[in-house]
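S.K.:
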DNA sequence: GAGTGGTCTAGACCACTAG
DNA sequence: TAGTGGTCTAGACCACTCT
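Protein chains in written order, with my numbering: chain A, 2 to 240; chain B, 2 to 240.
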């Protein structure tokens, strides 16, 4: 077994067995190298695995810390309308005493073949609206919404966590889900910067298509959630 | 911008712009180092990011290759009974012309606090059954099933991809889902070995609870799927 | 045997953070 | 200013795969 794996396992053992508790600072990389009798680069390789799996958190110039074991928030996906989904998500956060806010990052004409196909290939341009869902000052979910340009103008900085309240109200639309999908991917450099995770960390991806009350596809949504922060739950029975 | 990121971006560019197509072998790490004027370790750091994101695939002693862009299989999760879910999954694979098989890895008395709690804290021991779903000789999904010991005995090596056919038939059970959840995590060393991915790769995780026809919780399932191979889809409307 | 990737070392310099 | 993590180098040896 390679040295970095041995070091990684030893550190993971200390964390799981209570020798190191969330918030604790690890010895510096140089100290760990001396302790295990290995080079600093070998220590770094061990640490980087634990960082990607969410067990450690590194702060440049400060140190390496044991991550706090916050269980991920369960977000219910058994809802059909967008209003209900937003309400469920907000209540999932407030049940933990957390305030949640969806922050507008910007909008542009960035097209996307997948989005265009899902929206039945509309003739006009597509606009992409990007948002960041923040709870207690920490980033949780990075979202992109593709929608026809004429609707995107109504998107507003939300006061209550719902970016599309203005869109649905001002256009008399009632949006409901046609389908949702769940997948996973490694964080890109952009994801990493926005979500405060290292490049390559696992992200949970939820895509979906919303139709209006007449069955027309209106919004294609792509969300990228920190895997350590959020989990999607599908309940098939009443609680 | 650090050198390894520049190298990584340059290689990603060659892939996305068609300079390198799926199956192509990259120049060796030493050659890439000479080409970009950087150390071999810097090249390796660049490559490792692309491997975790699924763009490249490394074979020791052979070379580094552009990964084939196989779109992930859509697995429908809108079904309520286990039989229907198995049938849907099998048909999703056969629609691509792939044969799928669920291979029994073993069973043990490994307990799990989450599983035990979900199964309403049964008095007897819990057994864990582990399987690997293989399609066309490639690993796709690593599953663990926790169930009461008296039922685990009926688990058999499946001939038709359904590990639990014997359990349900011999006990007169009809299993249906109570809930399912979707999350993501980094591949552990064990995941990596079983699923043929590097440690730290993103995995898509689906957990769920099955009840029998009398509402008793019977099986707690935990699946870990290669993120580049599988996607779960929830359809809210008929096709 | 030749070539590939996998691991490891020693040493260096830089960027960032805190006191 | 001191200490931390972030990046990079040169060089070495090993394990693996193919011919």
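For every residue, glycine included, the Cβ atom is placed at its ideal position computed from N, Cα and C.
In whole angstroms, what separates the C-alpha of residue 65 of chain A from that of residue 59 of chain A?
M.R.: The alpha-carbon atoms of residue 65 of chain A and residue 59 of chain A are separated by roughly 4 Å.
S.K.: By a C-beta neighbour count over all protein chains shown, 10 Å radius and 16 as the cutoff for buried, is residue 209 of chain B buried or exposed?
M.R.: Per the 10 Å Cβ criterion, buried.
S.K.: Below 8 Å, how does it come out for the region 118-130 of chain B and the region 186-200 of chain B: are there three or more Cβ pairs, yes or no?
M.R.: Taking 8 Å as the limit for Cβ pairs, the verdict is that the region 186-200 of chain B does not touch the region 118-130 of chain B.
S.K.: Which residues in chain A sit within 8 Å of residue 180 of chain B, going by Cβ to Cβ distance?
M.R.: Those within 8 Å of residue 180 of chain B in chain A are 234, 235, 236, 237, 238.
S.K.: Going by other Cβ atoms of all chains shown within 10 Å of its Cβ, with 16 needed for buried, is residue 187 of chain A buried or exposed?
M.R.: Answer is buried; the Cβ neighbour count reaches 16.
S.K.: Less than 8 Å between CB atoms is the rule here; does residue 184 of chain B satisfy it with respect to chain A?
M.R.: For residue 184 of chain B, the answer is yes, since a Cβ of chain A falls inside 8 Å of its Cβ.
S.K.: Using the three-state DSSP reduction, which class does residue 103 of chain B fall into: helix, strand or coil?
M.R.: Of the three classes helix, strand and coil, the one that applies to residue 103 of chain B here is strand, per DSSP.
S.K.: Decide if residue 140 of chain A is buried, meaning its Cβ has at least 16 other Cβ atoms within 10 Å, or exposed.
M.R.: It counts as buried.
S.K.: Does chain B have any CB closer than 8 Å to the CB of residue 73 of chain A?
M.R.: Chain B, which has a Cβ nearer than 8 Å to the Cβ of residue 73 of chain A, makes this yes.
S.K.: Quick one: what does DSSP say residue 83 of chain A is sitting in, helix, strand or coil?
M.R.: Residue 83 of chain A: helix per DSSP, three-state reduction.
S.K.: Compute the beta-carbon to beta-carbon distance between residue 150 of chain B and residue 128 of chain B, rounded to the nearest angstrom, for a pair I have assumed lies under 8 Å.
M.R.: Contact flag correct, Cβ pair sits at about 5 Å.
S.K.: Excluding the five sequence neighbours on either side, which residues of its own chain have a C-beta within less than 6 Å of the C-beta of residue 146 of chain B, listed in chain order?
M.R.: These residues qualify, in order along the chain: 130, 220, 222.
S.K.: Residue 211 of chain A: buried (16+ other C-beta within 10 angstroms of its C-beta) or exposed?
M.R.: Buried, because 16 or more other Cβ atoms sit within 10 Å of the Cβ of residue 211 of chain A.
S.K.: Does residue 54 of chain A come within less than 8 Å of chain B when only Cβ atoms are used?
M.R.: Yes, contact with chain B.
S.K.: Which chain B residues are close to residue 103 of chain A, counting only those with a beta carbon under 8 Å from its beta carbon?
M.R.: In chain order: nothing, as chain B lies at least about 21 Å away.
S.K.: Quick one: which chain A residues come within Cβ less than 9 Å of residue 201 of chain B?
M.R.: 49, 50, 53, 54, 187, 201, 202, 203, listed in chain order.
S.K.: Which of helix, strand or coil does DSSP assign to residue 203 of chain A?
M.R.: Reduced to three states, the DSSP call for residue 203 of chain A is strand.
S.K.: Determine the burial state of residue 182 of chain A: buried for a count of at least 16 other Cβ atoms within 10 Å of its Cβ, exposed for fewer.
M.R.: Counting Cβ neighbours within 10 Å, residue 182 of chain A comes out buried, since at least 16 surround it.
S.K.: Please state the DSSP three-state secondary structure of residue 137 of chain B.
M.R.: It is coil, neither helix nor strand.
S.K.: In the region 68-97 of chain B, which residues sit with their C-beta less than 8 Å from some C-beta in chain A, listed in chain order?
M.R.: Hits within the stretch, in order: 73, 75, 78, 81.
S.K.: Using a Cβ-Cβ cutoff of less than 8 Å, which residues in the same chain neighbour residue 34 of chain B once the five nearest sequence positions on both sides are dropped?
M.R.: Hits under 8 Å: 40, 41, 43, 44.
S.K.: How big is the Cα-Cα spacing for residue 216 of chain A and residue 172 of chain A?
M.R.: Using only the alpha carbons, I get a separation of about 15 Å.
S.K.: I want to verify the contact list: residues of chain A whose CB lies under 8 Å from the CB of residue 6 of chain B, in sequence order.
M.R.: The answer, in chain order, is 190.
S.K.: Of all Cβ atoms in chain B, is any one closer than 8 Å to the Cβ of residue 228 of chain A?
M.R.: Chain B, which has a Cβ nearer than 8 Å to the Cβ of residue 228 of chain A, makes this yes.
S.K.: Whole-angstrom Cβ separation of residue 206 of chain A and residue 232 of chain A, contact assumed at under 8 Å?
M.R.: About 13 Å; that fails the 8 Å criterion.
S.K.: Can the beta-carbon of residue 91 of chain B be found closer than 8 Å to that of residue 136 of chain B?
M.R.: Against a cut-off of 8 Å, the Cβ pair of residue 136 of chain B and residue 91 of chain B comes out as no contact.
S.K.: Taking only three categories from DSSP, how would you classify residue 149 of chain A?
M.R.: DSSP places residue 149 of chain A in strand when its eight states are reduced to three.
S.K.: Go ahead and pull the three-state DSSP assignment for residue 64 of chain B.
M.R.: DSSP places residue 64 of chain B in strand when its eight states are reduced to three.
S.K.: Starting from residue 219 of chain B and walking both ways along the beta strand (DSSP E), at which residues does that stretch end?
M.R.: Counting along the chain, the beta strand (DSSP E) containing residue 219 of chain B begins and ends at 218-227.
S.K.: To the nearest angstrom, how far is the alpha carbon of residue 109 of chain A from that of residue 157 of chain A?
M.R.: So the two alpha carbons sit approximately 14 Å from each other.
S.K.: Tell me, to the nearest whole angstrom, how far the beta carbon of residue 79 of chain B is from that of residue 236 of chain B; I am working on the premise that it is less than 8 Å.
M.R.: At roughly 5 Å, the Cβ-Cβ gap stays under 8 Å, so residue 79 of chain B and residue 236 of chain B are in contact.
S.K.: Measure the beta-carbon distance from residue 28 of chain A to residue 230 of chain A and round it to whole angstroms, keeping in mind my assumption that it falls under 8 Å.
M.R.: In fact, because the Cβ distance is near 28 Å, the residues do not count as touching under 8 Å.
S.K.: Express the C-alpha separation of residue 179 of chain A and residue 76 of chain B in angstroms, rounding to a whole number.
M.R.: Approximately 16 Å, taken between the alpha carbons.
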